[in-house]
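A quick write-up on the structure given underneath.
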Amino acid sequence: MEKRKFQSGASKRSAKRRNDLIACGLSLSQQKLRRLQKIGITRWWAKDKALETIFDVNRYVVLLKTLYSIAYSDQFESKVSFEAQSILQIFLKFDTILVAFVFKTLFKYTTPVSKYLQTVSLDYLTAHQLLKSLEKQLSNMAKDSISTFDNILKAALSFASSVNDILTKNEIELEIETILSHKRSRKVKRMFDETATDESVSAFENDKHKFRVRVYQVVIDTASRQISVRFGDSNTIMQDASYLDPKNFKRINEDPSVIPQGALQSLAKMSSVERDGLVDQLISFASIYHNISNNTEYQSNVFDSENDEEETLTCSIDQNCQKCIPCAIKLLKDFNLHSSAYSDLYIAYETLLTISFTQVSCERSFSKLKIIKTRLRSLIGQDLLESLILINSEADIISEWNYDDIIDKLASTSNEMKRLLF
Numbered sequence: 003m004e005k006r007k008f009q010s011g012a013s014k015r016s017a018k019r020r021n022d023l024i025a026c027g028l029s030l031s032q033q034k035l036r037r038l039q040k041i042g043i044t045r046w047w048a049k050d051k052a053l054e055t056i057f058d059v060n061r062y063v064v065l066l067k068t069l070y071s072i073a074y075s076d077q078f079e080s081k082v083s084f085e086a087q088s089i090l091q092i093f094l095k096f097d098t099i100l101v102a103f104v105f106k107t108l109f110k111y112t113t114p115v116s117k118y119l120q121t122v123s124l125d126y127l128t129a130h131q132l133l134k135s136l137e138k139q140l141s142n143m144a145k146d147s148i149s150t151f152d153n154i155l156k157a158a159l160s161f162a163s164s165v166n167d168i169l170t171k172n173e174i175e176l177e178i179e180t181i182l183s184h185k186r187s188r189k190v191k192r193m194f195d196e197t198a199t200d201e202s203v204s205a206f207e208n209d210k211h212k213f214r215v216r217v218y219q220v221v222i223d224t225a226s227r228q229i230s231v232r233f234g235d236s237n238t239i240m241q242d243a244s245y246l247d248p249k250n251f252k253r254i255n256e257d258p259s260v261i262p263q264g265a266l267q268s269l270a271k272m273s274s275v276e277r278d279g280l281v282d283q284l285i286s287f288a289s290i291y292h293n294i295s296n297n298t299e300y301q302s303n304v305f306d307s308e309n310d311e312e313e314t315l316t317c318s319i320d321q322n323c324q325k326c327i328p329c330a331i332k333l334l335k336d337f338n339l340h341s342s343a344y345s346d347l348y349i350a351y352e353t354l355l356t357i358s359f360t361q362v363s364c365e366r367s368f369s370k371l372k373i374i375k376t377r378l379r380s381l382i383g384q385d386l387l388e389s390l391i392l393i394n395s396e397a398d399i400i401s402e403w404n405y406d407d408i409i410d411k412l413a414s415t416s417n418e419m420k421r422l423l424f
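Using this note's numbering, read the sequence shown as starting at 3 and increasing by one per residue.
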């Protein structure tokens, strides 16, 4: 993050200097240069992307050379040069590389799950299984910490050696450390009658052991604990949601016993309906869903409705895909099946659509809110601010609107706009 802030501050001062730095990078690597993305709380992919961008052998050499050029160049201000020297020293330490490779190993497992949880129409059963698999992988990384950390250490040493070889080949007077920094042991004052030694000093065999316990183990344990905290309470409801997913209706129709005893209990409680009645309606609906959804008349007229409430339920990935929960509840509404025959099932579907299982949607909405309030709150009124927040946080709904209708409606609010438009 410090590298990203520094890069922004330095590059804004002169286009010529930026071009010089680009030329410096191209002289060392034939690969396409990449720009670092800003890292934010809700940019889940940014940290993994930053590591993949920087910790490539050739790009790492370009980074070191660029920082070296800034640090010892007369074209930059003394403050910028000093910051470049400080950051350069950090990237030359083996501790930095080893920490980065620890997180690269962690992100190798967490990033695919994170990306899947951000999909618009995810399979809840698959999401539940991915989270369980991730918890198991993190648990194995903690149990086999010695062998896993040794592999990470070997990869980091190989990376550092490769970078040093390129630096030597290009006659660049820089060298990356290949050993962990040895810090002076902390001495604890003892009273005259004390015989016990400080356990924090004597507990570690060497610097490698100390790093594994204080850094690697802490990172893995923290990640594992956060997965449990964030998704532990959602496991049951995600399993219940998977049974209401049209992707699983074929299995339910072929064998209703795939719904085990006790399933849908949590969802029924949240929806204030009877569990047994909900299961019966689900089995019945699964048996007719395929025939109804494939009805050609329904498929041709499904988007001709003038009901605005129905339009908001349209699948945001593929119109009328019939393979997601919004399409299922829309079908119930279109055929008026929600009024009596499948009333409990419809209530359960409505409850599901109000739940954010992964907090991703909530965090993304608050991220949009922060951007809008930071940039515009002092320039616009509260009413317009609320409208902009709604447009940004519900972009998938706004995309379905007809822009001409919006313009006409806005024009109708003012005689002057009417005159100019018509």
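In this text, a Cβ means the ideal position worked out from N, Cα and C, and glycines have one as well.
Everything numeric in this text was worked out from a predicted model, so none of it was measured.
Helix, strand or coil at residue i [DSSP, three-state]
| i | result |
| --- | --- |
| V275 | coil |
| T298 | With a pLDDT of only 45 at T298, under the threshold of 50, the placement of this residue in the model should not be trusted, and no figure is reported. |
| M419 | helix |
| A48 | helix |
| T107 | helix |
| P262 | coil |
| K210 | helix |
| A288 | helix |
| D306 | With a pLDDT of only 42 at D306, under the threshold of 50, the placement of this residue in the model should not be trusted, and no figure is reported. |
| H184 | coil |
| A343 | coil |
| Q95 | For clarity, residue 95 is Lys in the given sequence; the question names Gln instead. Reduced to three states, the DSSP call for K95 is coil. |
| M193 | coil |
| F84 | helix |
| F233 | helix |
| I178 | coil |
| K120 | The identity of residue 120 in the sequence shown is Gln, whereas the question assumes Lys. Coil. |
| F151 | helix |
| T356 | coil |
| C329 | helix |
| D76 | coil |
| N142 | helix |
Exposure of residue i, with buried meaning 16 or more beta-carbon neighbours within 10 Å
| i | result |
| --- | --- |
| L155 | buried |
| K332 | buried |
| A397 | exposed |
| I239 | buried |
| D167 | exposed |
| P248 | buried |
| D76 | exposed |
| D278 | exposed |
| F84 | exposed |
| D346 | buried |
| R61 | buried |
| M143 | buried |
| P328 | buried |
| L386 | exposed |
| I409 | exposed |
| L280 | buried |
| I222 | buried |
| K185 | exposed |
| Y74 | exposed |
Cβ separation of residue i and residue j, assumed to be a contact under 8 Å, to the nearest whole Å
| i | j | result |
| --- | --- | --- |
| L159 | F109 | 20 Å between Cβ atoms; not a contact. |
| W47 | T113 | 7 Å |
| L136 | Y111 | 6 Å |
| A288 | N255 | 5 Å |
| L169 | V63 | 6 Å |
| Q241 | H130 | 6 Å |
| F96 | A157 | Not confirmed; about 12 Å, so no contact. |
| L284 | L246 | 7 Å |
| L66 | L176 | 6 Å |
Alpha carbon of residue i to alpha carbon of residue j, nearest angstrom
| i | j | result |
| --- | --- | --- |
| I178 | T121 | 40 Å |
| S149 | R214 | 11 Å |
| D209 | I99 | 15 Å |
| S236 | A225 | 17 Å |
| F57 | F151 | 18 Å |
| N404 | L354 | 28 Å |
| D407 | Q384 | 24 Å |
| Y348 | L90 | 60 Å |
| S295 | C326 | 12 Å |
| S274 | S147 | 46 Å |
| K411 | S342 | 37 Å |
| L266 | K134 | 19 Å |
| R227 | V104 | 17 Å |
| S414 | A330 | 37 Å |
| L69 | T55 | 16 Å |
| K49 | S71 | 26 Å |
| V165 | F233 | 40 Å |
| K252 | L269 | 21 Å |
| D282 | L132 | 29 Å |
| Q219 | H211 | 11 Å |
| Q263 | K138 | 26 Å |
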